[in-house]
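Chemist:
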Amino acid sequence: MSNPIYLAIDTPYLDNAQALANSAKNHIGGIKLGLEFFCANGHHGVHEMGKIGLPIFLDLKLHDIPNTVAKAVQSLNMLSAAILTVHASGGRAMMEDAKAAAGSNIKVVGVTVLTSMDDHDLNRVGVEDNPHDQVRRLADLASEAGLDGIVCSGQEVKTAHQRWKDGFFVVPGLRPAGSAVGDQKRIVTPRQARDDGASILVIGRPISAAENPDEAARAIVGSL
Ligand SMILES: O=c1ccn([C@@H]2O[C@H](COP(=O)(O)O)[C@@H](O)[C@H]2O)c(=O)[nH]1
């Protein structure tokens, strides 16, 4: 079984990102680069991180009209990422066009409800359903649009997996017992997410903020 842990590297500094990835690379299965890194380092930064030799997950959460998202995806194809995110709330046409524009080797996954949001936060943006129901709705839409899978929290992944048997499930918001929660609201442990059907486990601060990131990553692998 390959290592399901993708290390979320959230820093604007390329040298810090390289140092972190290199320190943990024996205990992770891939590297997730998000907006903070990409806005500061662009294509060059992604190329440099690719030299570490692990699959790259571009977590750019694209969300715009279909034509604009499709053109953005085309501009990213040359980076040979393994996974790319778009927001499922951008709608079916946007997701269809994103998938059609993506290279054949990249998984395009739809972000459903951010793991930093709870019922109250969803209600404040006009969604009356709870996160569980909203994830289910957007998972169905992502599946209809031909995406490869979704991003959801570990609290919804079991249901999502039951409804979408061959879906690819990306789960962030993971916290080993006793680690700081920070801004995440819908958390589970890495083991729980894995047992409930997560395809990959996105983990940032529990590794990157640890005194010894390599040791922290190793301990999480051991807990799975
Ligand atoms: O719903 C989502 C979607 C993406 N993320 C990203 O995952 C990591 C989590 O980092 P931690 O430090 O482990 O909290 C981060 O890069 C987010 O942008 C998410 O948390 N929730």
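In the numbering used here, the protein residues as written are 481 to 704.
Cβ atoms here follow ideal geometry from the backbone N, Cα and C, with glycine treated the same way.
Nothing here was measured: the structure is a model prediction, and the numbers come from that model.
(1) Quick test of your reading: residue 641 and residue 676, contact by CB under 8 Å. State the CB separation rounded to the nearest angstrom.
(2) Counting only the same chain and skipping the five closest in sequence on each side, list residues whose C-beta sits under 8 Å from that of residue 509.
(3) Just to check my reading of the structure: residue 524 and residue 542 have Cβ atoms closer than 8 Å, yes? What is that Cβ distance to the nearest angstrom?
(4) Hey, does residue 515 have any beta-carbon neighbour from chain C nearer than 8 Å?
(5) Please list the terminal residues of the continuous beta strand (DSSP E) segment that includes residue 485.
(6) Closest to residue 634 by C-alpha separation, out of 610, 672, 645 and 690, would be which residue?
(7) Put residue 539 into one of helix, strand or coil per three-state DSSP.
(8) Measuring CA to CA, which of 622, 507, 537 and 644 is closest to residue 571?
(9) Residue 682 to residue 515, Cα distance in whole Å?
(10) May I ask you to list the residues that DSSP assigns as paired with residue 702?
(11) For residue 519, count neighbouring Cβ atoms within 10 angstroms of its own Cβ and tell me buried if that reaches 16, exposed if not.
(12) Use the C-beta contact count for residue 526: other C-beta atoms within 10 angstroms, 16 or more gives buried, fewer gives exposed.
(13) List the endpoints of the continuous beta strand (DSSP E) containing residue 509.
(14) My assumption, with CB atoms under 8 Å, is that residue 591 sits in contact with residue 549. Please give the rounded CB distance.
(15) Can you tell which of 648, 695 and 628 has its C-alpha closest to the C-alpha of residue 580?
(16) Does at least one heavy atom of ligand 1 sit under 7 Å from the Cβ of residue 686?
(17) How would you label residue 646, buried or exposed, when you count the other beta carbons within 10 angstroms and need 16 or more for buried?
(18) Looking at the secondary structure, which residues open and close the alpha helix (DSSP H) in which residue 553 lies?
(19) Taking only heavy atoms of ligand 1 into account, decide whether any of them is closer than 7 Å to the Cβ of residue 598.
(20) Does the beta-carbon distance from residue 665 to residue 596 come in below 8 Å?
(21) Starting from residue 586, follow the alpha helix (DSSP H) in both directions and report where the run begins and ends.
(22) Within 7 Å: the Cβ of residue 512 and any heavy atom of ligand 1?
(23) Between residue 662 and ligand 1, is the CB less than 7 Å from at least one heavy atom?
Modeler: Well, looking at it:
(1) 7 Å between Cβ atoms; contact.
(2) Within the same chain, residue 509 has close Cβ partners 482, 483, 484, 485, 486, 534, 535 and 680.
(3) Cβ atoms of residue 524 and residue 542 stay farther apart than 8 Å, at about 20 Å.
(4) Looking at the structure shown, chain C is missing, and only one protein chain is on hand.
(5) Looking at the DSSP string, the run of the beta strand (DSSP E) that includes residue 485 is 485-489.
(6) Checking every option, the nearest Cα to that of residue 634 belongs to 672.
(7) Residue 539: strand per DSSP, three-state reduction.
(8) If we check each option's Cα against that of residue 571, 622 comes out closest.
(9) Rounded to the nearest angstrom, the two C-alpha atoms are 15 Å apart.
(10) Paired residue(s): none; residue 702 is not in a bridge.
(11) It counts as exposed.
(12) Label assigned to residue 526: buried.
(13) Taken as a continuous stretch (DSSP letters only), residue 509 belongs to no beta strand (DSSP E), as it is neither H nor E.
(14) Rounded to the nearest angstrom, the Cβ distance from residue 591 to residue 549 is 13 Å, too far for a contact under 8 Å.
(15) Comparing Cα-Cα distances from residue 580 to each of 648, 695 and 628, the minimum goes to 628.
(16) For residue 686, the shortest C-beta to heavy atom distance toward ligand 1 is below 7 Å.
(17) Residue environment for residue 646: exposed (fewer than 16 other C-beta atoms within 10 angstroms of its C-beta).
(18) Where residue 553 is concerned, the enclosing alpha helix (DSSP H) stretches over 546-556.
(19) Not under cutoff, so the answer is no.
(20) The answer is yes: Cβ separation under 8 Å.
(21) No alpha helix (DSSP H) holds residue 586; DSSP gives it neither H nor E.
(22) Result yes, Cβ under 7 Å from ligand 1.
(23) Checking every heavy atom of ligand 1 against the Cβ of residue 662, one is found closer than 7 Å.
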